[in-house]
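> Residue numbers (the numbering used here): 5 to 204. Just so it is clear, CB atoms sit at the ideal spot from N, CA and C, and this is done for glycine as well.
So this is what it looks like as structure tokens:
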């Protein structure tokens with residue numbers, strides 16, 4: 005950000021967002037609505053400028069370009085759900101969308117799963133690989149629900165897998181918290197350095 009109007013605007017909006025840590029207030033709500041509105045406006049402008057306009061200007065007038073109008077019509081049909089009596093038309097683009105998504109997952113997922121399976125087949129030459137195999141098998145044993153009375157070894161393996169899952173979730177949560185602190189540090193640095201002028 006350059007120039008004092010941009011710095012003051014960014015600082016005041018940052019303070020308005022941070023005021024939510026105290027309690028919900030009008031400054032926070034105004035900033036929230038401003039952010040959502042700017043994001044929606046930017047997304048609309050970006051979509052029109054980079055996707056819709058080039059297709060309408062370059063692809064549609066070309067020979068056989070009428071086929072490009074089909075996605076536009078299907079997208080417009082999504083909004084018929086807000087018109088009483090016409091809402092059933094929105095089911096067609098939704099059906100195509102969901103069908104495509106399901107087909108994509110079925111075509112793409114096996115490669116990912118096979119890659120994970122082959123990646124778990126490690127050489128047991130190090131303590132790290134042995135721990136990985138124990139956690140993997142324990143994770144599998146945790147989700148064995150078909151046996152009403154699980155044998156002692158399976159019960160123990162399930163307990164080990166439960167702890168491994170909890171550690172993995174804790175690490176993921178810790179990474180998310182660290183990422184949030186990185187964002188907070190950037191904003192505090194902006195307030196102290198760029199806005200208040202300390203440390204220049």
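Quick check on residue 186: buried or exposed, where buried means 16 or more other Cβ atoms within 10 Å of its Cβ?
Exposed, since its Cβ has fewer than 16 Cβ neighbours within 10 Å.
> Could you tell me the alpha carbon to alpha carbon distance between residue 182 and residue 91, rounded to whole angstroms?
In a straight line, the C-alpha of residue 182 is about 45 Å away from that of residue 91.
> Report the three-state DSSP secondary structure of residue 40 (helix, strand or coil).
Residue state, collapsed to three classes: helix.
> Taking the alpha helix (DSSP H) that residue 112 falls in, what are its first and last residues?
That run of the alpha helix (DSSP H) goes 95-124.
> Which class does residue 5 belong to by DSSP, given the choice of helix, strand or coil?
With a pLDDT of only 49 at residue 5, under 50, the local geometry of the prediction cannot be trusted, and no value is derived from it.
> Report all residues from its chain with a CB closer than 8 Å to the CB of residue 137; omit the five preceding and five following residues, and keep chain order.
Same-chain partners within the cutoff: 124, 126, 128.
> Determine, using beta carbons only, whether residue 119 and residue 145 come nearer to each other than 7 Å.
Contact: no.
> Around the C-beta of residue 122, are 16 or more other C-beta atoms found within 10 angstroms, so that it is buried, or is it exposed?
Counting Cβ neighbours within 10 Å, residue 122 comes out exposed, since fewer than 16 surround it.
> Assign residue 68 to one of two classes, buried (16 or more other C-beta atoms within 10 Å of its C-beta) or exposed (fewer than that).
The residue is exposed, with fewer than 16 neighbouring Cβ atoms inside 10 Å.
> Determine the extent of the alpha helix (DSSP H) in which residue 64 is found, giving its start and end residues.
Neither: residue 64 is in no alpha helix (DSSP H) and is coded neither H nor E.
> Give the secondary structure of residue 188 by DSSP, where H, G and I count as helix, E and B as strand, and everything else as coil.
DSSP places residue 188 in helix when its eight states are reduced to three.
> From the DSSP output, in three-state form, read off residue 129 for me.
Three-state DSSP puts residue 129 in coil, outside helix and strand.
> Would DSSP call residue 183 helix, strand or coil?
In the structure shown, residue 183 sits in a helix (DSSP, three-state: H, G or I).
> Considering residue 77, what are the terminal residues of the alpha helix (DSSP H) in which it resides?
Here the alpha helix (DSSP H) through residue 77 covers 73-81.
> Here's the rule: buried if 16 or more other CB atoms are within 10 angstroms of the residue's CB, otherwise exposed. What is residue 168?
Per the 10 Å Cβ criterion, buried.
> If residue 58 sits next to residue 79, beta carbons under 8 Å apart, how far is it from one beta carbon to the other, in whole angstroms?
That pair is no contact at about 16 Å.
> How would you label residue 150, buried or exposed, when you count the other beta carbons within 10 angstroms and need 16 or more for buried?
Exposed is the call here.
> By a C-beta neighbour count over all protein chains shown, 10 Å radius and 16 as the cutoff for buried, is residue 161 buried or exposed?
Buried.
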